[in-house]
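Peer 1:
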Amino acid sequence: VNKALALAAVLSFAATSGGASTLEISAVDAKGAPVADAVIYAIPKGPPPALRKRDAAIEQRDKTFVPLVTVVQTGSPVQFPNRDPIRHHVYSFSKPKVFELKLYAGTPAAPVVFDKPGLVVLGCNIHDPMIAYVYVVDSPWFAKTGADGKARIAEVPAGEYDVYVQHFAQVAAQDPQPHRLRGDESLPAAFVVPLRQLAPRPGPQ
Amino acid sequence: VSLPLLRKPRLQDRIVIFFVVLLAAVQLVSFVFIRYTVEKTSQNVLREEMRVGARVFRRLLDQNSQQLAEATSVLAYDYGFREAVATRDRETILSALRNHAARIRASGMAVAGLDGVVVADSLAPEAAGTRYVHPDLLARAAEGGRTSAIRVVNGRPYQIVVVPVLAPLPIAWVSMSFAIDDSTARDLQRLSSSDVTFVRLAGANVELLATTLPPSRREQLLAKVPEIVALGRDGMQVALGSEDFEALATPLDDLRSPTLFAILDRSVAESLGTYLALQAVLLLLASFSMAITLAGGMRIARRITRPLSELAGAAREVAKGNYDVRLRIESDDEIGDLSRAFEGMVKGLAERDGMRDALGKVASSEVVMQLLKGEIELGGEEREVSVMFTDIRNFTALCETLTPQQSLQLLNQFLTAISEVVESHGGVVDKYLGDGVMAIFGAPVTRPDDAQRALECALEIRRRVAALGPALAARGLPHPDIGIGVNTSGVIAGNIGSPTRLNYTVLGDGVNLASRLEGLTKRYLVPIVAGALTRERVAGIVWRELDKVRVRGRTVAERIYEPMGRVGEVSPQDLERLERWHAALEHFRERRWPRARTGFEALASERAYARLASLYLGYLRELVANPPGPDWDAAFTLYDK
Numbered sequence: 001v002n003k004a005l006a007l008a009a010v011l012s013f014a015a016t017s018g019g020a021s022t023l024e025i026s027a028v029d030a031k032g033a034p035v036a037d038a039v040i041y042a043i044p045k046g047p048p049p050a051l052r053k054r055d056a057a058i059e060q061r062d063k064t065f066v067p068l069v070t071v072v073q074t075g076s077p078v079q080f081p082n083r084d085p086i087r088h089h090v091y092s093f094s095k096p097k098v099f100e101l102k103l104y105a106g107t108p109a110a111p112v113v114f115d116k117p118g119l120v121v122l123g124c125n126i127h128d129p130m131i132a133y134v135y136v137v138d139s140p141w142f143a144k145t146g147a148d149g150k151a152r153i154a155e156v157p158a159g160e161y162d163v164y165v166q167h168f169a170q171v172a173a174q175d176p177q178p179h180r181l182r183g184d185e186s187l188p189a190a191f192v193v194p195l196r197q198l199a200p201r202p203g204p205q
Numbered sequence: 206v207s208l209p210l211l212r213k214p215r216l217q218d219r220i221v222i223f224f225v226v227l228l229a230a231v232q233l234v235s236f237v238f239i240r241y242t243v244e245k246t247s248q249n250v251l252r253e254e255m256r257v258g259a260r261v262f263r264r265l266l267d268q269n270s271q272q273l274a275e276a277t278s279v280l281a282y283d284y285g286f287r288e289a290v291a292t293r294d295r296e297t298i299l300s301a302l303r304n305h306a307a308r309i310r311a312s313g314m315a316v317a318g319l320d321g322v323v324v325a326d327s328l329a330p331e332a333a334g335t336r337y338v339h340p341d342l343l344a345r346a347a348e349g350g351r352t353s354a355i356r357v358v359n360g361r362p363y364q365i366v367v368v369p370v371l372a373p374l375p376i377a378w379v380s381m382s383f384a385i386d387d388s389t390a391r392d393l394q395r396l397s398s399s400d401v402t403f404v405r406l407a408g409a410n411v412e413l414l415a416t417t418l419p420p421s422r423r424e425q426l427l428a429k430v431p432e433i434v435a436l437g438r439d440g441m442q443v444a445l446g447s448e449d450f451e452a453l454a455t456p457l458d459d460l461r462s463p464t465l466f467a468i469l470d471r472s473v474a475e476s477l478g479t480y481l482a483l484q485a486v487l488l489l490l491a492s493f494s495m496a497i498t499l500a501g502g503m504r505i506a507r508r509i510t511r512p513l514s515e516l517a518g519a520a521r522e523v524a525k526g527n528y529d530v531r532l533r534i535e536s537d538d539e540i541g542d543l544s545r546a547f548e549g550m551v552k553g554l555a556e557r558d559g560m561r562d563a564l565g566k567v568a569s570s571e572v573v574m575q576l577l578k579g580e581i582e583l584g585g586e587e588r589e590v591s592v593m594f595t596d597i598r599n600f601t602a603l604c605e606t607l608t609p610q611q612s613l614q615l616l617n618q619f620l621t622a623i624s625e626v627v628e629s630h631g632g633v634v635d636k637y638l639g640d641g642v643m644a645i646f647g648a649p650v651t652r653p654d655d656a657q658r659a660l661e662c663a664l665e666i667r668r669r670v671a672a673l674g675p676a677l678a679a680r681g682l683p684h685p686d687i688g689i690g691v692n693t694s695g696v697i698a699g700n701i702g703s704p705t706r707l708n709y710t711v712l713g714d715g716v717n718l719a720s721r722l723e724g725l726t727k728r729y730l731v732p733i734v735a736g737a738l739t740r741e742r743v744a745g746i747v748w749r750e751l752d753k754v755r756v757r758g759r760t761v762a763e764r765i766y767e768p769m770g771r772v773g774e775v776s777p778q779d780l781e782r783l784e785r786w787h788a789a790l791e792h793f794r795e796r797r798w799p800r801a802r803t804g805f806e807a808l809a810s811e812r813a814y815a816r817l818a819s820l821y822l823g824y825l826r827e828l829v830a831n832p833p834g835p836d837w838d839a840a841f842t843l844y845d846k
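Dropping the structure here:
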């Protein structure tokens, strides 16, 4: 049974002394329960922002991708350190980034660079239950809600933005919320996005 | 020749028939009951087995589809395959599909996108780009991860499995088809122990998809399919040809109104095989117990009827007077009791009969019979009878040289002869008096010719005793000499004695006179002396008057006579002498003494008259010496016996 959930994001643009705003985000489902792992990012209207290089890594620990959801700016390299005593075969058939890291241990020498925006779903060829979501976004201003459904995007310069919310279990893609930031405020904003029950994951019990 | 069945039914037959019919009825009832119960039970068992079989069958189908789904899943996880699907490389996908289908012996394999459009289909490559034919299965797979169903494609049934291609989220659907054919049906038949037939109903049309039935029975079953589908979801009995089958329909597709069915059927007769064996055993037991009952019944019946027949035969023997019957019955039961009682009864009868015989010897069988018939009044009655006394005068002389046993034997010889003659003349031996016999004619049965028969009896006794003479002479014994007195008179006849011991006899002066007359035979040296009334009652006899006697105490004198023979048998010389004798006797009674003496003297030389003449000449001498008074009646007075 699909359960519709709603994600509410409260974007809070807080005026900062450095001429930047802060988005205070709150995500709830249709029942008002906080939702974790919701991805929120703000795309400025105008020329795309330059890559703000940030280190990212998706570990394999206990035959699980950690974290489950990762957000990176387009063009970012991501490391896949294997913390398990066994090897993994990480792959993606997602259009934004098709790749595979054939059976390896430790950390591969070259990180994987996600050079196209979009959702990349990662799997491990020899461990069916393993799954990870990588959101590749054309913006350095992004965040991921925690277990309390809250997130914060800081240091957002003044300007006009489309603020997107995405979740791997969302029922349908949501239209972005347009926001004008003055550059000195802390702005709350609420999003209600219905979620669905995911199909059961295959794999050993 | 009468048929055995037409003869009178015997007790033995009735007993045997009763037991056999009873047993047959009991066996028939129990057989019918057992047959009904077993049939019902085995039908129930069969139906239950069919239901279990159907559950097993459905479970097998489920397991089959799950295994196929697992196998399909494994294939769908193949990295190369996923890569091919992810890249939508149609040709590669198609060849991979064929390869994978061959790996798990699937009939066909297809890939559809998440949008429900066929990417590649190993069975119908031209279908690429069209909508997948079972969109509902894709929807179900999206919901539950995988799905399976039986669908008919191009007139053939397939088990269709749909699993997602996970990378690691679903990127496409793989559908794998497995043909359901006769070989699938045979596999299921082995596991469910029933014939398996797959059919599709299209309106009133029944389409045979696959079956394990022999061709001969297919059409028969197909004709019944609508009925089985409508009524036999939990099993029902149908007749296919001449045989009964238990059939059950189980729907195969998941539609609201299913069109695909598996029909399971099993022969009732085969399932009732054990029952048939039981029936055979029952029949065997029945015939065995019937035989035992027949044999035992006949044996028991014979044990009852054989002694009965024997008793009946013995009873008939007893009726004939033969008391010497011995029954060969040794049993201790009631029959033994009966036969012992019967033997006791016969013994008692024999004793009593012997007693009656003995009684008859002293009291005459005729009297006993009359007494037994109740024709004789026990009280006395007056009637006229002829009484006869006999006596062997020289018996003592006869016995002189004999032992007591021989004497008794001789006596019995005489008495037997005399008794026989008496009885043959209708007389009754009243008693034996030493060597004498007292016989009665006219009591207890009166006949008009009693006196005649009494006299003829006396004559016959005289003859028979004389006939014994030569035999006795041969033993050196003297000639037997018999004296017989016969007198006819009124007497009292009746039972005399006490209530426990009665003796039927006659009493009266006439009886005494008869005895006296017997005694007078010695005086007159004649064998027979009869009274006047006897003479009067008898015809056809020539008589010689002997004398006129007066019994002491009585005033009337009685004339006494001797029978000489039958009229016509006496010679003329004897008749002439008799005439002279009677004339002389007449002279004597008329006191014409000289003429009487002349007559007597003339006869004294005759042998038959010597004694009489000498007696009368003696009378004359006395009468002449003492002339009698005027009241003389010429009678001789008997003073004692």
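Chains L and C, in that order, give the protein sequences.
If you're matching positions, the first sequence starts at 1 in the working numbering and goes up one per residue.
If you're matching positions, the second sequence starts at 206 in the working numbering and goes up one per residue.
All C-beta atoms in this analysis are idealised placements derived from N, C-alpha and C, irrespective of residue type, glycine included.
(1) Nearest-angstrom Cα distance between residue 833(C) and residue 718(C)?
(2) Enumerated in chain order, which unbroken segments of the beta strand (DSSP E) with a length of 3 residues or greater are wholly contained in the stretch 19-69 of chain L?
(3) Is it the case that the Cβ atoms of residue 139(L) and residue 43(L) are separated by a distance below 8 angstroms?
(4) Hey, residue 355(C) and residue 465(C) are a contact pair by Cβ (cut 8 angstroms); roughly how many whole angstroms apart?
(5) For residue 139(L), which three-state DSSP category applies?
(6) Under the criterion of a Cβ to heavy atom distance below 7 angstroms, does residue 548(C) qualify as lining the ligand ADP?
(7) Give me, in chain order, the residues of the same chain whose beta-carbon lies closer than 8 angstroms to that of residue 216(C); leave out the 5 immediate sequence neighbours on both sides.
(8) Grab me the residues of residue 219(C)'s own chain with a C-beta within less than 7 angstroms of its C-beta, minus the 5 sequence neighbours each way, in chain order.
(9) What in chain C is Cβ-close to residue 121(L), meaning under 8 angstroms?
(10) Name the chain C residues that come within less than 7 angstroms of residue 125(L), Cβ to Cβ?
(11) Going by DSSP, which residues form a beta bridge with residue 601(C)?
(12) Could you say which of 812(C), 666(C), 338(C) and 387(C) lies nearest to residue 729(C) if we only look at CA atoms?
(13) For residue 74(L), I'd like the list of residues in its chain whose CB is within less than 6 angstroms of its CB, leaving aside the five on either flank, ordered along the chain.
(14) Going straight from the alpha carbon of residue 629(C) to that of residue 663(C), what length do you get?
(15) Report the three-state DSSP secondary structure of residue 647(C) (helix, strand or coil).
(16) For a quick check, are the C-beta atoms of residue 177(L) and residue 189(L) less than 8 angstroms apart?
(17) Leaving aside the five residues before and after residue 99(L) along the sequence, list all residues of the same chain whose C-beta is less than 6 angstroms from its C-beta, in chain order.
(18) Determine the burial state of residue 826(C): buried for a count of at least 16 other Cβ atoms within 10 Å of its Cβ, exposed for fewer.
(19) So that I know if they touch, is there some Cβ in chain L lying closer than 8 angstroms to that of residue 288(C)?
(20) Mind checking which residues open and close the beta strand (DSSP E) that includes residue 412(C)?
(21) At a Cβ cut of 8 angstroms, what residues of the stretch 330-358 of chain C count as close to chain L, listed as they run along the chain?
(22) By the criterion of Cβ-Cβ separation under 9 angstroms, what are the contact partners of residue 226(L) in chain C?
(23) Use the C-beta contact count for residue 232(C): other C-beta atoms within 10 angstroms, 16 or more gives buried, fewer gives exposed.
(24) For residue 485(C), decide whether its Cβ has a neighbour in chain L, counting only Cβ atoms nearer than 8 angstroms.
(25) Please list, in chain order, the chain C residues whose beta carbon lies closer than 9 angstroms to that of residue 86(L).
(26) Going by CA-CA distance only, name the one from 413(C), 398(C), 396(C) and 397(C) that's closest to residue 404(C).
(27) Does DSSP put residue 398(C) in a helix, a strand or coil?
(28) Which of the three DSSP states, helix, strand or coil, is assigned to residue 666(C)?
(29) For chain C, is any of its Cβ atoms less than 8 angstroms away from the one on residue 37(L)?
(30) Going along the chain, which residues of the stretch 77-108 of chain L sit with their C-beta nearer than 7 angstroms to a C-beta in chain C?
(31) Based on DSSP bridge pairs, tell me the residues matched to residue 733(C).
(32) What's the call for residue 378(C), buried or exposed, on a 16-neighbour Cβ count within 10 Å?
(33) Taking 8 angstroms as the cut-off, decide whether the C-beta atoms of residue 315(C) and residue 325(C) are in contact.
(34) Using 8 angstroms as the threshold, is the C-beta distance between residue 68(L) and residue 133(L) below it?
(35) Buried or exposed: residue 313(C), going by 16 or more other Cβ atoms within 10 Å of its Cβ?
(36) Is the CB of residue 317(C) under 8 angstroms away from at least one CB in chain L?
Peer 2: Considering the structure as presented:
(1) By 1-based counting over the second sequence, the position of residue 833(C) is 628. By 1-based counting over the second sequence, the position of residue 718(C) is 513. Rounded to whole angstroms, residue 833(C) to residue 718(C) spans 26 angstroms at the Cα level.
(2) 20-28, 39-44, 59-61 and 64-66
(3) Stepping through the first sequence from its first residue, residue 139(L) is reached at position 139. Stepping through the first sequence from its first residue, residue 43(L) is reached at position 43. Their beta carbons are under 8 angstroms apart, which means residue 139(L) touches residue 43(L) by this criterion.
(4) Residue mapping note: residue 355(C) aligns to position 150 of the second sequence, counting from 1. Residue mapping note: residue 465(C) aligns to position 260 of the second sequence, counting from 1. With a Cβ gap of about 6 angstroms, residue 355(C) and residue 465(C) count as contacting.
(5) On the first sequence, residue 139(L) is found 139 positions in, with the first residue counted as 1. Coil, per DSSP.
(6) For the ligand ADP, the structure offers nothing, since it holds no ligand at all.
(7) In the second sequence, residue 216(C) corresponds to position 11, counting from 1. These residues qualify, in order along the chain: 506, 509, 510 and 513.
(8) Position 14 of the second sequence, counted from the start, is the residue given in the question as residue 219(C). So no residue of the chain qualifies.
(9) The count along the first sequence starts at 1 and reaches residue 121(L) at position 121. Neighbours of residue 121(L) on chain C, chain order: 372, 373 and 374.
(10) On the first sequence, position 125 is the one that residue 125(L) refers to. In chain order: 284.
(11) Locating residue 601(C) in the second sequence gives position 396, where the first residue counts as 1. Bridge partners of residue 601(C): none, in fact.
(12) The count along the second sequence starts at 1 and reaches residue 729(C) at position 524. It is 812(C).
(13) Position 74 of the first sequence, counted from the start, is the residue given in the question as residue 74(L). Excluding sequence neighbours, residue 74(L) sits near 117, 136 and 138.
(14) By 1-based counting over the second sequence, the position of residue 629(C) is 424. By 1-based counting over the second sequence, the position of residue 663(C) is 458. About 12 angstroms.
(15) Counting from one through the second sequence, the residue named residue 647(C) turns up at place 442. Of the three classes helix, strand and coil, the one that applies to residue 647(C) here is coil, per DSSP.
(16) Taking the first sequence and counting its residues from 1, the one referred to as residue 177(L) is at position 177. Taking the first sequence and counting its residues from 1, the one referred to as residue 189(L) is at position 189. It is a contact, given that the beta carbons lie within the stated cut-off.
(17) Residue mapping note: residue 99(L) aligns to position 99 of the first sequence, counting from 1. Contacts found: 92 and 112.
(18) Indexing the second sequence from 1 puts residue 826(C) at position 621. Residue 826(C) comes out exposed.
(19) The residue labelled residue 288(C) in the question sits at position 83 within the second sequence. For residue 288(C), the answer is yes, since a Cβ of chain L falls inside 8 angstroms of its Cβ.
(20) Position 207 of the second sequence, counted from the start, is the residue given in the question as residue 412(C). Per DSSP, residue 412(C) belongs to the beta strand (DSSP E) from 410-416.
(21) 347, 348, 349 and 350
(22) No answer is possible for residue 226(L): the residues shown for chain L start at 1 and end at 205.
(23) As a working note, residue 232(C) is residue 27 in the second sequence. The residue is buried, with at least 16 neighbouring Cβ atoms inside 10 Å.
(24) Residue numbering aside, residue 485(C) sits at position 280 when the second sequence is read from its first letter. Not one chain L Cβ lies under 8 angstroms of residue 485(C).
(25) Locating residue 86(L) in the first sequence gives position 86, where the first residue counts as 1. Simply none; closest approach about 17 angstroms.
(26) By one-based count along the second sequence, residue 404(C) stands at place 199. Closest by alpha carbon: 413(C).
(27) Along the second sequence, read from residue 1 onward, the residue named residue 398(C) stands at position 193. Residue 398(C): coil per DSSP, three-state reduction.
(28) The count along the second sequence starts at 1 and reaches residue 666(C) at position 461. DSSP places residue 666(C) in helix when its eight states are reduced to three.
(29) As a first step, residue 37(L) is located in the first sequence; it is residue number 37 there, counting from the start. Answer no: the Cβ-Cβ gap between residue 37(L) and chain C never drops below 8 angstroms.
(30) 93
(31) The count along the second sequence starts at 1 and reaches residue 733(C) at position 528. Bridge partners of residue 733(C): 689(C).
(32) Here the question's residue 378(C) lines up with position 173 in the second sequence. When all chains shown are included, residue 378(C) counts as buried.
(33) Along the second sequence, one-based indexing puts residue 315(C) at 110. Along the second sequence, one-based indexing puts residue 325(C) at 120. In this structure, residue 325(C) lies closer than 8 angstroms to residue 315(C) by Cβ.
(34) Looking up residue 68(L) in the first sequence gives position 68. Looking up residue 133(L) in the first sequence gives position 133. The answer is yes: Cβ separation under 8 angstroms.
(35) Start at 1 with the first residue of the second sequence, and residue 313(C) comes out as number 108. Under this definition residue 313(C) is a buried residue.
(36) For the purposes of this step, residue 317(C) is taken as the residue at position 112 of the second sequence. No, its Cβ sits nowhere closer than 8 angstroms to a Cβ of chain L.
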